[in-house]
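Trainee: Here it is, the structure in full.
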Amino acid sequence: MTNNITTSNNTNTEDVSNMSDSAMIRRIYQITTRLERKFDAQFAPATRRANFGAMNATTEIDRVARQNEMARVNAIPNYMGTRNIAATLPEARIGFQATGTNRTPSATARIDALISFLLKSRAGSAEEISPNVIKTHRLRLRSLTRLVRGQMIMQGVTATSWSELSATEQLYFSLRLEEEVNEGLQLPIYRCNKQWAARLLLQDKMKGERQCKKRREERTTDLAEAQPVVNARVKLEDFS
C-alpha cells in the first residue's frame, strides 16, 4: 500500500512539474472552483425565516458574496485558454444578404457556424458536419444557456435585457456559460474573442423571454376585449 501511494505521489509531482505556468494556473483555478461549489452546496444557508432583520442580513451577505465571486471569476477571463475565434465566421455569411438595417447574420447562423468550426477542429478534418449534428449541439447549448439564465434570476438579477446588466455582470455570466459548455459538452466556446458566443446566447435568451411575455400580454388583452362581446351575445340569445 505504501509503495502505491508513493508511486501515485511521484506521478502527480511529475505531472505538475511538466506543466507550464499558464497550465498550472488554469488547473489550480479549475480545482478551486469545483471545491468552492461543493462547499457552497454543503454549507448553503438554511431557509430564510420570517424575521425581517434576519432576511435583510442574509440578503446583504448574499450580495457581498456575489460581488466577491464575480471579482474572483472575472479576474482571469482567459483561464481556460487562448481566445482566437472571430465574432462572425465566414461560414455564417454563406447565403446571407446584408441590408441597410441588418449587416450581421442571425444569432442562429453565427452559433451554427461556430459549432461546425469547433467540431471540425476537434475531429481534425475539413469534412462537413451534418445539419442534424449541428442542430443537436445548438439545442444543448441553448439548454445550458437556460440553466445559466436561471442562475442569474436566483442570484437576484432583475434585468430583462442584456444591455441592462453591468459590464461586470455580463462578463461574469458569460464566463459561467463558457465553463458550463466546456464541462457539459466539451465544446470550447471559451476560445471566442471577448466571449462573443456566450454573450450572444444569453442576449438571445433574454430577448426571447421578452417576446414571449409580450405575446402572452397581447393574448390576455385580446381575451379581455373579446369577453364583453361574448357576454352581450349571450344576453341577446336569452331574449330571442
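Each residue of the sequence shown is one higher than the one before, counting from 144 in the working numbering. Using N, Cα and C, we set each Cβ at its ideal position, and we do this for glycine too. No experiment lies behind these values; they were computed from the predicted model shown.
Could you check what DSSP says for ILE228 in three-state terms: helix, strand or coil?
Mentor: Reading the sequence shown from its first residue, position 85 is the one you call residue 228. Strand, per DSSP.
Trainee: Tell me which residues share the same chain as VAL291 and place their Cβ nearer than 8 Å to its Cβ, disregarding the 5 neighbours each side in the sequence.
Mentor: As a first step, residue 291 is located in the sequence shown; it is residue number 148 there, counting from the start. So the qualifying residues of the chain are PHE316, ARG319, LEU320, GLU323, LEU345.
Trainee: If you pair each beta-carbon of the region 295 to 313 with each one of the region 255 to 271, do three or more pairs fall below 8 Å?
Mentor: Taking 8 Å as the limit for Cβ pairs, the verdict is that the region 255 to 271 does not touch the region 295 to 313.
Trainee: Alpha carbons only, please: which of LYS357, GLU368, MET349, PRO331 is nearest the one belonging to GLY293?
Mentor: Indexing the sequence shown from 1 puts residue 293 at position 150. Ranking the options by Cα distance to GLY293, first place goes to MET349.
Trainee: To the nearest angstrom, report how far apart SER309 and MET213 are at their CA atoms.
Mentor: Indexing the sequence shown from 1 puts residue 309 at position 166. Indexing the sequence shown from 1 puts residue 213 at position 70. Rounded to the nearest angstrom, the two C-alpha atoms are 12 Å apart.
Trainee: Contact defined as beta carbons within less than 8 Å: I believe LEU262 pairs with ALA340. What is the distance between those atoms, to the nearest angstrom?
Mentor: Along the sequence shown, read from residue 1 onward, the residue named residue 262 stands at position 119. Along the sequence shown, read from residue 1 onward, the residue named residue 340 stands at position 197. In fact, because the Cβ distance is near 14 Å, the residues do not count as touching under 8 Å.
Trainee: Mark LEU282 as exposed unless 16 or more other C-beta atoms lie within 10 angstroms of its C-beta, in which case mark it buried.
Mentor: Numbered from its first residue, the sequence shown carries residue 282 at position 139. Its Cβ having fewer than 16 others within 10 Å, LEU282 is exposed.
Trainee: Please return the same chain residues whose Cβ sits closer than 8 Å to the Cβ of LEU328, not counting the five positions on each side in sequence.
Mentor: By 1-based counting over the sequence shown, the position of residue 328 is 185. Cβ within range, chain order: HIS280, ARG283, LEU284, LEU287.
Trainee: Name the residue from SER259, LEU232, GLU234 whose alpha carbon lies nearest to the alpha carbon of ILE277.
Mentor: Your numbering for residue 277 matches position 134 in the sequence shown. Closest option to ILE277, Cα to Cα, is SER259.
Trainee: Is the beta carbon of ARG437 less than 8 Å from the beta carbon of ALA229?
Mentor: Not covered by the structure: residue 437. The range shown for the chain is 144 to 383.
Trainee: Only counting runs of 4 or more residues, tell me where the alpha helix (DSSP H) segments fall wholly within the region 257 to 304, in order along the chain.
Mentor: Entirely contained in the region 257 to 304, the alpha helix (DSSP H) runs reaching 4 residues are, in chain order, 274 to 297.
Trainee: Does the distance from the CB of GLU239 to the CB of PRO248 come in under 8 Å?
Mentor: Indexing the sequence shown from 1 puts residue 239 at position 96. Indexing the sequence shown from 1 puts residue 248 at position 105. The sequence given here places Phe at residue 239; Glu does not occur at that position. A contact, by the Cβ cut-off of 8 Å.
Trainee: Count the other CB atoms within 10 Å of the CB of ILE332; is the residue buried (16 or more) or exposed (fewer)?
Mentor: Residue 332 sits at position 189 when you count from the first residue of the sequence shown. That one is buried.
Trainee: I'd like the list of long-range same chain contacts for VAL216, defined as Cβ closer than 6 Å, with 5 residues on each side in sequence excluded.
Mentor: As a first step, residue 216 is located in the sequence shown; it is residue number 73 there, counting from the start. Taken in chain order, the residues that qualify are TYR315, LEU318.
Trainee: Span of the alpha helix (DSSP H) holding GLY238?
Mentor: What you label residue 238 is simply residue 95 of the sequence shown in a count that begins at 1. Premise fails: GLY238 is in no alpha helix (DSSP H) and is neither H nor E.
Trainee: Nearest-angstrom Cα distance between ALA241 and SER306?
Mentor: In the sequence shown, counting from the first residue as 1, residue 241 sits at position 98. In the sequence shown, counting from the first residue as 1, residue 306 sits at position 163. Cα to Cα, ALA241 sits roughly 24 Å from SER306.
Trainee: Is the beta carbon of ARG226 less than 8 Å from the beta carbon of ARG334?
Mentor: Within the sequence shown, the letter at position 83 stands for residue 226. Within the sequence shown, the letter at position 191 stands for residue 334. Yes, the Cβ-Cβ distance between ARG226 and ARG334 is below 8 Å.
Trainee: Relative to the alpha-carbon of GLY224, which residue among ASN336, ASP365, THR364 has its alpha-carbon at the smallest distance?
Mentor: Taking the first residue of the sequence shown as position 1, residue 224 is located at position 81. Of ASN336, ASP365, THR364, the residue nearest in Cα terms is ASN336.
Trainee: Report, in whole angstroms, the separation of the C-beta atoms of ASP347 and ALA218, which I expect to be a contact under 8 Å.
Mentor: Start at 1 with the first residue of the sequence shown, and residue 347 comes out as number 204. Start at 1 with the first residue of the sequence shown, and residue 218 comes out as number 75. Wrong, their Cβ atoms sit about 27 Å apart, outside the cutoff.
Trainee: Going straight from the alpha carbon of THR303 to that of CYS355, what length do you get?
Mentor: To locate residue 303, count along the sequence shown from 1; it is residue 160. To locate residue 355, count along the sequence shown from 1; it is residue 212. Whole-angstrom Cα-Cα distance: 12 Å.
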